[in-house]
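Have a look at the structure below, then the notes.
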Amino acid sequence: MAFQCQRDCYMKEFVTSVVSCCPAELKQEVNGKKETLKGFNVKLQDTILFPEGGGQPDDHGLIGDVPVLRVTRQGPEALHFVVTPLEEGQEVHVKVDWERRFDHMQQHSGQHLITALADTMFGYKTTSWDLGRQRSTIELDTPSVKPTQLQELEEVINEKIRGHIPVTVQLLSIDDPAVEKVRSRGLPEDHAGPIRIIDIEGIDANMCCGTHVSNLSQLQVIKLLGTEKGKKNKTNLIFLAGNRVLKYAEKSYSTERSMVSLLKTGADEHVEAVDKLQKSVKLLQKTNLSLLRDMAVLIAQNFKNDPQRGNFFSLHKKEGDNEFMNIIANEINTEETLVFLTVGEEKGPGLFLLAGPSGAVTQMGPQVLELLQGKGAGKNGRFQGKANSMARRAEVEALLKEHCKHHTSQEE
Numbered sequence: 004m005a006f007q008c009q010r011d012c013y014m015k016e017f018v019t020s021v022v023s024c025c026p027a028e029l030k031q032e033v034n035g036k037k038e039t040l041k042g043f044n045v046k047l048q049d050t051i052l053f054p055e056g057g058g059q060p061d062d063h064g065l066i067g068d069v070p071v072l073r074v075t076r077q078g079p080e081a082l083h084f085v086v087t088p089l090e091e092g093q094e095v096h097v098k099v100d101w102e103r104r105f106d107h108m109q110q111h112s113g114q115h116l117i118t119a120l121a122d123t124m125f126g127y128k129t130t131s132w133d134l135g136r137q138r139s140t141i142e143l144d145t146p147s148v149k150p151t152q153l154q155e156l157e158e159v160i161n162e163k164i165r166g167h168i169p170v171t172v173q174l175l176s177i178d179d180p181a182v183e184k185v186r187s188r189g190l191p192e193d194h195a196g197p198i199r200i201i202d203i204e205g206i207d208a209n210m211c212c213g214t215h216v217s218n219l220s221q222l223q224v225i226k227l228l229g230t231e232k233g234k235k236n237k238t239n240l241i242f243l244a245g246n247r248v249l250k251y252a253e254k255s256y257s258t259e260r261s262m263v264s265l266l267k268t269g270a271d272e273h274v275e276a277v278d279k280l281q282k283s284v285k286l287l288q289k290t291n292l293s294l295l296r297d298m299a300v301l302i303a304q305n306f307k308n309d310p311q312r313g314n315f316f317s318l319h320k321k322e323g324d325n326e327f328m329n330i331i332a333n334e335i336n337t338e339e340t341l342v343f344l345t346v347g348e349e350k351g352p353g354l355f356l357l358a359g360p361s362g363a364v365t366q367m368g369p370q371v372l373e374l375l376q377g378k379g380a381g382k383n384g385r386f387q388g389k390a391n392s393m394a395r396r397a398e399v400e401a402l403l404k405e406h407c408k409h410h411t412s413q414e415e
């Protein structure tokens with residue numbers, strides 16, 4: 004069975020009836036967390052909402068005023084997931100999210116064109132593809148694609164688009180001899196009914212269930228962004244088609260204008276300007292680290308030279324890192340002195356180090372960790388880690404001072 008969306012990919016609205024409505028659940032990811040949404044799977048007499056398949060995502064749309072959140076295929080039928088139940092037998096008005104649909108049509112037809120030409124021009128077979136939200140990827144059965152081949156392929160692709168070549172849909176019976184001549188990666192095990200062929204006149208004939216443009220001119224333009232290393236000695240070819248190219252150009256130009264304003268140079272000089280900035284930053288970072296190391300040594304020496312020093316040393320610096328703290332601890336005799344060091348924002352997250360007599364560190368380390376809401380571990384007289392909040396640092400310092408005072412009085 005072919006759905007109405009497959010018979011007429013340009014139909015935006017459609018009247019049909021509800022066949023069934025059954026309770027169902029939809030597993031989805033919201034803000035990085037997996038959630039299960041309770042709702043209903045609705046079967047319609049026919050549908051213009053494409054169920055995911057053939058590498059193409061599903062359509063979004065409305066049944067009446069009820070949003071359709073997911074469309075999946077179950078054998079010859081489409082299941083429309085909604086959160087509001089619909090009455091069996093009622094007549095409904097279905098509307099497709101046309102912007103999403105046409106985008107998918109452009110990317111999918113673009114994939115067919117690229118796949119066909121990559122094969123005929125260079126013998127690179129397509130083994131899979133992915134229609135992504137921002138960009139699409141074709142997996143080619145080759146370890147690499149030369150830049151000159153990529154350029155030549157893009158030129159021929161866009162030449163075909165300008166050629167105004169028709170794209171037609173044929174429905175053939177499974178025993179039709181013509182089926183054996185078309186390109187295919189196989190049929191689903193539960194496939195039933197006629198075989199659907201997408202024919203790009205004179206270029207390609209391919210089995211496909213997806214939605215497509217009726218003429219290559221509606222692809223407007225295709226941009227091959229480049230390649231990435233794929234799995235098992237294959238190459239991923241990244242591309243944009245149609246409106247995605249326009250959006251990409253608009254975003255790129257907006258970024259270019261911002262860079263011109265920030266770097267105070269023309270677009271042709273951006274790479275050189277950023278390279279100079281990166282080198283300057285690396286030099287400054289190197290100088291800063293050297294100064295921090297020198298400062299750490301001076302801080303430790305200043306404490307050691309103080310005749311009034313006790314058996315506890317505490318310091319907080321906004322700037323610094325683990326190396327800065329460890330240099331101070333190494334310079335101070337931690338066999339006799341308990342050292343508590345922190346770096347970071349005064350009330351925010353940061354790093355901490357507790358160093359000193361192993362018994363004191365083992366005893367006090369977990370308490371420090373709890374007060375700083377941190378994560379860390381200790382061994383050999385050192386306990387260090389990350390603090391989620393320095394808000395209670397003063398409490399930690401008071402606790403450690405009291406411990407040192409109590410330890411001194413016991414020795415006396």
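Residue numbers (my numbering): 4 to 415.
Glycine residues also receive a C-beta, built at the ideal position from the N, C-alpha and C atoms.
All values reported here derive from a predicted model rather than from experimental measurement.
(request) Indicate whether the contact test is met: 3 or more Cβ pairs, each with one atom in the segment 341–352 and one in the segment 310–318, closer than 8 Å. (result) yes
(request) Could you work out which residue in Thr268, Gln173 and Glu142 is closest to Thr238 when comparing CA atoms only? (result) Glu142
(request) Name the residue from Cys212, Gly313, Asp324 and Lys321 whose alpha carbon lies nearest to the alpha carbon of Ile335. (result) Measuring from the Cα of Ile335, the nearest candidate turns out to be Gly313.
(message) Please report the straight-line C-alpha distance between Thr290 and Phe242, rounded to a whole angstrom.
(response) 43 Å
(request) Rank Cys407, His111 and Gly269 by C-alpha distance to the C-alpha of Thr340 and give the top, closest one. (result) Cys407
(message) For the segment 42–60 against the segment 15–28, do three or more pairs of beta-carbon atoms, one drawn from each stretch, fall closer than 8 Å, so that the two count as touching?
(response) yes
(request) Look at the alpha carbon of Ser264 and the alpha carbon of Glu275, and state the distance between them as a whole number of angstroms. (result) Using only the alpha carbons, I get a separation of about 15 Å.
(request) Drop a sphere of 10 angstroms on the beta-carbon of Gln9, count the other beta-carbons inside from all chains shown, and report buried for 16 or more, exposed for fewer. (result) By the beta-carbon neighbour count (other beta carbons within 10 angstroms, threshold 16), Gln9 is buried.
(message) Just to confirm, is the Cβ distance from Ile200 to Gly113 under 8 Å?
(response) no
(message) Quick check: the Cα distance between Leu222 and Gln288, rounded to an integer number of angstroms?
(response) 49 Å
(request) Could you please give me the residues that DSSP links to Phe43 through a beta bridge? (result) Pro26 and Val85.
(request) Could you have a look at Asp207 and say whether DSSP puts it in helix, strand or coil? (result) strand
(message) Let's see if you can read the secondary structure: which residues bound the beta strand (DSSP E) around Ser257?
(response) Per DSSP, Ser257 belongs to no beta strand (DSSP E); it is in the alpha helix (DSSP H), Asn246 to Leu266.
(message) By DSSP's criteria, Thr75 is part of a beta bridge. Which residues make up the other side?
(response) Leu82
(request) Compare the C-alpha of Gln93 against each of His115, Glu80 and Gly67 and name the closest. (result) Gly67
(request) Let me know if Val284 comes out buried or exposed under the rule of 16 or more other beta-carbons within 10 Å of its beta-carbon. (result) exposed
(request) Would you mind sorting Lys350 into buried or exposed? The rule is 16 or more other CB atoms within 10 Å of its CB. (result) Per the 10 Å Cβ criterion, exposed.
(message) Check this for me: beta carbons of Leu174 and Ala121, under 8 Å apart or not?
(response) no
(request) Could you say which of Phe6, Tyr13, Gln7 and Ala5 lies nearest to Ser217 if we only look at CA atoms? (result) Taking Ser217 as reference, the option from Phe6, Tyr13, Gln7 and Ala5 with the minimal CA-CA separation is Tyr13.
(request) Report yes if the CB atom of Gly56 is closer than 8 Å to the CB atom of Arg76, and no otherwise. (result) Inclusion of Gly56 and Arg76 in the CB contact set at 8 Å is warranted, their separation being smaller than that value.
(message) Quick check on DSSP: helix, strand or coil for Phe327?
(response) helix
(request) Under 6 Å Cβ to Cβ from Pro80, same chain only, skipping five residues before and after it: list those, please. (result) With the sequence shown as reference, residue 80 is identified as Glu, and Pro is not the correct amino acid for it. Cβ within range, chain order: Lys46.
(message) Just verifying my parser: in three-state terms, what is the DSSP assignment at Ser112?
(response) helix
(message) With H, G and I counted as helix, E and B as strand and the rest as coil, what does DSSP make of Gln288?
(response) helix
(request) Could you say if the segment 27–38 and the segment 98–116 meet the contact criterion of at least three C-beta pairs nearer than 8 Å? (result) no
(message) Buried or exposed for Ser147, going by 16 or more other Cβ atoms inside 10 Å?
(response) Exposed.
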